[in-house]
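Engineer: Take a look at this one; I'll ask things after.
Numbering (our numbering), first residue to last: 3 to 113.
Have a look at this one:
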């Protein structure tokens with residue numbers, strides 16, 4: 003089960019889009035290894051996710067006054083995935099990109 007609020011689900015879509023971009027780069031440029039393609043795709047996803055998440059989560063909220071108590075209440079729209087603001091997942095994307103760059107290449111049935 004995926005839990006999100008606001009537009010936090012975009013984080014998952016950005017990660018999938020980055021993976022597809024990396025796969026497409028590997029298909030277009032055969033000299034590019036799988037690891038480099040995945041890393042480039044995840045770096046692009048991290049940049050887009052950070053920019054969108056930061057823009058969405060830094061919007062000012064609406065200040066309302068509670069009629070019963072006279073206290074001020076700030077209403078803000080949050081864009082989260084699993085209770086974390088979506089831009090924080092960009093750090094995870096970067097870490098996975100670094101791991102992908104330095105992971106050994108796996109050969110299937112090869113010598």
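For every residue, glycine included, the Cβ atom is placed at its ideal position computed from N, Cα and C.
These figures come from a predicted structure and were not determined experimentally.
To the nearest angstrom, how far is it from the Cα of residue 82 to the Cα of residue 54?
Structural biologist: Each residue's Cα considered, the two are about 12 Å apart.
Engineer: Run the CB neighbour count on residue 104, radius 10 Å, all protein chains shown included, and call it buried at 16 or more, exposed below.
Structural biologist: Residue 104 should be labelled exposed.
Engineer: Within this structure, are the beta carbons of residue 87 and residue 51 separated by less than 8 Å?
Structural biologist: No, these two residues do not count as a Cβ contact at 8 Å.
Engineer: Comparing the CB of residue 59 with every heavy atom of the ligand FMN, is any distance shorter than 7 Å?
Structural biologist: Inclusion of the ligand FMN in the displayed structure is not the case, the ligand content being empty and no account of it being possible.
Engineer: Roughly how many whole angstroms lie between the Cα atoms of residue 28 and residue 98?
Structural biologist: Roughly 17 Å separates the two Cα atoms.
Engineer: DSSP state of residue 85, grouped into three classes?
Structural biologist: Looking at residue 85 - three-state DSSP - the assignment turns out to be coil, as it is neither helix nor strand.
Engineer: Between the segment 28 to 45 and the segment 56 to 71, can you find at least three pairs of beta-carbon atoms closer than 8 Å?
Structural biologist: At 8 Å Cβ cutoff, the stretches do not touch.
Engineer: Quick one: measure Cβ to Cβ for residue 95 and residue 17, integer angstroms, because I've assumed they're closer than 8 Å.
Structural biologist: Sure, about 7 Å apart at Cβ, within 8 Å.
Engineer: If we count the other Cβ atoms within 10 Å of its Cβ and call it buried at 16 or more, is residue 40 buried or exposed?
Structural biologist: Buried, by the Cβ-count rule.
Engineer: Am I right that residue 92 and residue 48 are in contact with their C-beta atoms under 8 Å? What's the rounded C-beta distance?
Structural biologist: That pair is a contact at about 4 Å.
Engineer: Look at the alpha carbon of residue 3 and the alpha carbon of residue 74, and state the distance between them as a whole number of angstroms.
Structural biologist: Using only the alpha carbons, I get a separation of about 35 Å.
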